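Down below is the structure, laid out as structure tokens.
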Amino acid sequence: MALEGTTVRVQAFRCRDYGFKGWRAHIPSRRGIPTPAVSEGRVFVGGGFGSHDIYALDAAEGRLLWHLRTSDDGPTATTVVGTRVVFNTESCTLYTVAGESGQIVWQRWLGDPLLAQPAIGDGKVFAVYPHRGEHFLAAFELETGSESWKLHVSHDAITAVVYAEGAVFFSTFDGRVWCVDPATGSLQWEEKRQATSAPWVAAGKVYVAQKNPGASSGANPQRARAADGEGAWPRERTARVSRRSGSPEYRYREKEAMYLRGKRRLPEMDSYQKYDAGVGFSSPPPSAKLRSAEALIGEHLVSRAQRFQGSRPVVVDGVLYQVTGDELEATDAEKGHTLWKWRCEHRSVAERALTPPAVANGRVWVGTWEGRIVSFDAATGEVRWSVDVGAPVHWQPAIAGGSVFAGLEDGSLVSFRTGDPSDDGWPMWGGGPGHNGLS
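Residues in the sequence shown are numbered consecutively from 44, following our numbering.
Here it is in structure tokens:
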């Protein structure tokens, strides 16, 4: 049921450098907060891995509107279409709730654990889930939750299922990319691509981050010494494949990707191990198949796999925006040449420096592990502003109505108003309910 009166402490603030006014909501779970979804003056956000909480806040002031206590823990980032808010919990349920009240419209137990966000498209919810040692992609009616079809797949989806250009796309933790007919559930194609992100679909092409496990040349010795163990550094690039067949068309420049290496030394790793243990995973369950995920992306914990977003690319107006190699780069999507690039200061050799980019209205936004949200001119790469939000930003920010909304690793949700109406058009993770922009 929806509960009133839950304590969410909200503080108003003004950004020191730019004078932007905003608010910070301290979520009681004190876990890393995923990307919120913004719709019709409300912000919908989960309490993080291990929590049982979904909140609706007033977008202008951060005031609590309602709170839903879920039966299962670990809500994903929320996805919104119309008045419906949709999310998975890690253990183990797909929810659709009413955005106005927080009342549950329907819920469906799927399997444990659930690692990816569902997508919404054509009146259906698309979700991947485990069942008796196998995985399935299924379609459910948005309003009733009735199952339309299901398809056997090899693994859970990386970050999110994607609905775009009249089809369902997703990457799995064994490196495959899939394309499925949303009406019937028939498999259009499936290709082994060493994929390390959810795909992006634009103009009949599919773009996906891709791991190259081969040796790197000219590795930075200082960073190499700080890494765990010996051997080649993994490398990562964005690949373009055919929307129709999945056949490869182009590979963009590859870069060193220390963040994909297994057994990295992370100061936060003890916390994530406690998060897993706190929900009953003293070791990863066999149903999660995390050995293949560790081989691909270097993550072996359920909590780390659920928060993984990879170097998910975005393509808008013929320009590819990517964060492979901890560097934001704009590239001509057809010809492959660099238009501009930007690298932030980053002290960690093993944690990602940047969130996946959000792109809309001639603007690009990223969050940084150093605790900033940065906005760029999409054409030139010029920094428009860079705001210190006081804690690491792991999840992609949401941009709506002249305001920025971001979940932080200290367990808070921050929002500030830029005063620029062009700061709009990316109201949830992936930019829309299909996770492929608002189109």
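No residue lacks a Cβ here, since even glycine has one placed at the ideal position from N, Cα and C. Since the structure is predicted, the reported quantities are computational estimates derived from the model, not experimental observations.
- For Ala282, the enclosing beta strand (DSSP E) covers residues 278-285.
- The criterion of a C-beta distance shorter than 8 Å is satisfied by Val357 and Pro400.
- Annotation: the segment 62-98 contains the following complete segments of the beta strand (DSSP E) (minimum length 3 residues), in chain order: 64-69, 80-82, 85-89.
- The Cβ atoms of Tyr302 and Ser346 lie no closer than 8 Å to each other.
- With fewer than 16 other beta carbons inside 10 angstroms of its own, Ala103 counts as exposed.
- Contact check for Gly65 against Ala99 fails: the beta carbons are separated by 8 Å or more.
- Counted as a single uninterrupted DSSP element, the beta strand (DSSP E) harbouring Arg460 occupies residues 455-460.
- Two segments are said to touch when three or more pairs of C-beta atoms, one from each, lie closer than 8 Å; by this definition the segment 124-135 touches the segment 148-162.
- With respect to the C-alpha of Gly93, the residue from Leu180, Arg112, Asp101, Arg85 having the closest C-alpha is Arg112.
- Take Ser429, set aside five residues on each side of it, and the residues of its chain with a beta-carbon closer than 7 Å to its own are Arg415, Val417, in chain order.
- Bridge partners of Thr132 according to DSSP: Pro118.
- For the pair Val284 and Arg57, the Cα-to-Cα distance works out to about 45 Å.
- Nearest to Asp369 by alpha-carbon distance, out of Arg280, Glu425, Trp243, is Arg280.
- In this structure, Gly247 sits away from Arg294, with a CB-CB distance that is not shorter than 8 Å.
- In the same chain as Glu177, and ignoring 5 residues on each side of it, the C-beta atoms closer than 7 Å to its own belong to His195, in chain order.
- In the three-state reduction of the DSSP assignment, Thr367 falls in the helix class, which pools H, G and I.
- In the three-state reduction of the DSSP assignment, Ile416 falls in the strand class.
- A direct Cα-to-Cα measurement between Thr411 and Glu311 gives close to 16 Å.
- Fully enclosed alpha helix (DSSP H) runs of no fewer than 4 residues occupy 333-340, 345-350 of the segment 328-388, in order along the chain.
- Annotation for Gln316: the continuous alpha helix (DSSP H) segment containing it runs 312-321.
- Taking 8 Å as the cut-off, the Cβ atoms of Glu184 and Gly209 do not count as close.
- In this chain, Trp438 is not harboured by any beta strand (DSSP E), its DSSP state being neither H nor E.
- Within the same chain, and ignoring the five residues on either side of Ser335 in sequence, the residues whose Cβ sits closer than 7 Å to its Cβ are His198, Phe216, Asp217.
- Beta-bridge partners of Ser446 (DSSP): Ala443, Arg460.
- Spanning the alpha carbons of Ala443 and Val124 requires a straight line of approximately 14 Å.
- Assignment of Gly164 by DSSP, reduced to helix, strand and coil, places it in the strand class.
- A distance below 6 Å between beta-carbons, with the five flanking residues on each side excluded, links Ala120 to the following residues of its chain, in chain order: Pro77, Thr78, Gln160, Trp472.
- Ranked by Cα distance from Glu452, the first of Val53, Ala80, Asp60, Ser72 is Ser72.
- Where Cys222 is concerned, the enclosing beta strand (DSSP E) starts and stops at 219-223.
- In the three-state DSSP reduction, Gly410 falls in the strand class (E or B).
- Cβ-Cβ distances below 7 Å link Phe459 to Cys58, Phe63, Lys64, Gly65, Val430, Ser446, Val447 in the same chain, with the five nearest sequence neighbours on each side left out; the list follows chain order.
- Secondary structure note for Gly154: its beta strand (DSSP E) is the uninterrupted segment 147-154.
- Distance between Glu292 and Lys378, taken at the CA atoms: about 11 Å.
- Secondary structure at Leu309: coil, using DSSP grouped into helix, strand and coil.
- When the Cα atoms are used, Tyr206 and Ser288 turn out to be separated by approximately 17 Å.
- Spatial neighbours of Pro225 in its own chain (CB-CB distance under 8 Å, excluding positions within 5 residues in sequence) are listed in chain order as Gly164, Asp165, Lys167, Phe169, Ala182, Tyr206, Gly209, Ala210, Val211.
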